[in-house]
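As you go down the protein sequences, you meet chains A and B in turn.
Residue numbers are given in the numbering used here: position 92 of the first sequence equals residue 92, and the series is strictly consecutive.
Residue numbers are given in the numbering used here: position 9 of the second sequence equals residue 9, and the series is strictly consecutive.
Taking it in order: structure first as structure tokens, then the write-up.
Number of protein chains: 2
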Amino acid sequence: MTERSSWEEIRDRRMGEPGAKEAYHAAELAYQLGRTVRGLREQRGWSQTELAAAAGMTQSAVARFEAGGTVPSLPVLDRLATALDADLIVRVAPRDHVARPTPEPANRKRSVVDVGPAV
Amino acid sequence: MTERSSWEEIRDRRMGEPGAKEAYHAAELAYQLGRTVRGLREQRGWSQTELAAAAGMTQSAVARFEAGGTVPSLPVLDRLATALDADLIVRVAPRDHVARPTPEPANRKRSVVDVGPAV
DNA sequence: CCAGGGCATAGCGTTAATGCTATATGCAGT
DNA sequence: ACTGCATATAGCATTAACGCTATGCCCTGG
Numbered sequence: 001m002t003e004r005s006s007w008e009e010i011r012d013r014r015m016g017e018p019g020a021k022e023a024y025h026a027a028e029l030a031y032q033l034g035r036t037v038r039g040l041r042e043q044r045g046w047s048q049t050e051l052a053a054a055a056g057m058t059q060s061a062v063a064r065f066e067a068g069g070t071v072p073s074l075p076v077l078d079r080l081a082t083a084l085d086a087d088l089i090v091r092v093a094p095r096d097h098v099a100r101p102t103p104e105p106a107n108r109k110r111s112v113v114d115v116g117p118a119v
Numbered sequence: 001m002t003e004r005s006s007w008e009e010i011r012d013r014r015m016g017e018p019g020a021k022e023a024y025h026a027a028e029l030a031y032q033l034g035r036t037v038r039g040l041r042e043q044r045g046w047s048q049t050e051l052a053a054a055a056g057m058t059q060s061a062v063a064r065f066e067a068g069g070t071v072p073s074l075p076v077l078d079r080l081a082t083a084l085d086a087d088l089i090v091r092v093a094p095r096d097h098v099a100r101p102t103p104e105p106a107n108r109k110r111s112v113v114d115v116g117p118a119v
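Okay, here's the thing in structure tokens:
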């Protein structure tokens, strides 16, 4: 239909489709992660090609990801984060608990991967 | 080989294989996320079957996930988090920046999904 | 005007996560 | 001993993410 097919299209459709609330979240998540990574990349003055090389992937993969074309897998996110010298943080934080003020030392040299019950 | 095949086996193998540092991270991430979710589930006194129903999946899927049998996708994590009334937090936080003390209100009622350049 | 660099897409083959059903234990409770 | 519930696996079909290659477009420098 309309054959406009493009990642934007795909993303828009996913984010608009009702009944797929989870898919929606995931799509939005993908979108925002893409923008975040793009920001970090540009901040470093790197081209998609360079980031791709550093993360062990190709330019097209980076473009697809940055455009939110697909919901990235954790392995890929990890590689990108590592390439950008950043930490990939994935956590399932219960909302019940009154999360403590997160006494994060703001700079601890943890591993690239940071997981936890979040407080 | 040895045909012992089980998720533990799979996980162990993945976490042990050298040369796949990213895969390692991802596997460990999967493992820990699984334990976190299991903890939250038991904390609620739910059975895998119940959590599965609440998250729109089957008991086997939950078992597989909790055992770290596969690296979960974001959509699945989102559904599980939502079912457990928790927040799924995924972020790529640059290590360079001297992250500020995270002035997190410790209790804001954000969306289920929380993404950002992390400060 | 042409060349080069950077980014967006198209297509396609491969791989891995999901979903489901069925089954094997293990552990109470009766 | 039998029944029922919970968890671990097996096996299989589907789907989607990934990886790669090849273009197309745009913009800028020569």
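Beta carbons are placed, not taken as given, at the ideal position from N, Cα and C, and that holds for glycine.
Hey, is B/T58's beta-carbon within less than 8 Å of any beta-carbon in chain A?
So no, B/T58 is outside the interface.
DSSP three-state assignment for B/R79, whether helix, strand or coil
Look at B/R79 here: in three-state DSSP terms it is helix.
Of the choices B/T36, B/R11, B/S6, B/E8, whose alpha-carbon is the least far from that of B/L84?
Selected option, being the one with the closest Cα: B/T36.
Length at least 4, wholly inside the region 44–81 of chain A: the alpha helix (DSSP H) runs in chain order:
Segments of the alpha helix (DSSP H) lying fully in the region 44–81 of chain A: 48–55, 59–66.
Alpha carbon to alpha carbon, what distance is there between A/L74 and B/A55?
C-alpha separation (whole angstroms): 20 Å.
Span separating the alpha-carbon of A/D78 from that of A/A30:
About 14 Å.
At a Cβ threshold of 8 Å, is A/V90 touching chain B?
Closer than 8 Å: yes.
Output the distance between the C-alpha atoms of A/G39 and B/R95, rounded to the nearest integer angstrom.
Using only the alpha carbons, I get a separation of about 14 Å.
What separation, rounded to the nearest whole angstrom, lies between the Cα atoms of B/E8 and A/Q32?
B/E8 and A/Q32: Cα-Cα distance of roughly 34 Å.
My assumption, with CB atoms under 8 Å, is that A/V90 sits in contact with B/V90. Please give the rounded CB distance.
The Cβ separation is near 5 Å, so the contact holds.
Is B/L74 close to chain A? Criterion is C-beta to C-beta, closer than 8 Å.
Look at B/L74: its C-beta is under 8 Å from a C-beta on chain A.
Quick check on the burial criterion: 16 or more other C-beta atoms within 10 angstroms. Buried or exposed for B/T49?
B/T49 should be labelled exposed.
Run the CB neighbour count on B/E42, radius 10 Å, all protein chains shown included, and call it buried at 16 or more, exposed below.
By the Cβ neighbour-count rule, B/E42 is exposed, with fewer than 16 other Cβ atoms within 10 Å of its own.
Below 8 Å between beta carbons is the criterion; list the residues of the region 24–39 of chain B that meet it against any residue of chain A, in chain order.
Within the region 24–39 of chain B, the residues whose Cβ lies closer than 8 Å to some Cβ of chain A are H25, A26, E28, L29, A30, Q32, L33, T36, V37, G39, listed in chain order.
Less than 8 Å between the beta carbons of B/R11 and B/A27, yes or no?
One thing to note: B/R11 has its Cβ within 8 Å of the Cβ of B/A27.
Indicate the three-state DSSP secondary structure (helix, strand or coil) for B/L88 in the structure shown.
In the displayed model, B/L88 falls within a strand according to three-state DSSP.
Nearest to B/G34 by CA position, among B/T82, B/D87, B/T70, is which residue?
Comparing Cα-Cα distances from B/G34 to each of B/T82, B/D87, B/T70, the minimum goes to B/T70.
Excluding the 5 residues flanking B/A67 on each side, which residues of the same chain have their C-beta closer than 8 Å to its C-beta?
Around B/A67: W7, E8, R11, G34.
Tell me, please, whether the CB atom of B/V71 is closer than 8 Å to any CB atom in chain A?
Among the CB atoms of chain A, one or more fall inside 8 Å of the CB of B/V71.
Hey, does A/S47 have any beta-carbon neighbour from chain B nearer than 8 Å?
Output row for A/S47: interface = no.
Alpha carbon of B/T102 to alpha carbon of A/A93, nearest angstrom:
Since pLDDT at B/T102 reaches only 47, below the 50 mark, its modelled position is unreliable, and no value is offered.
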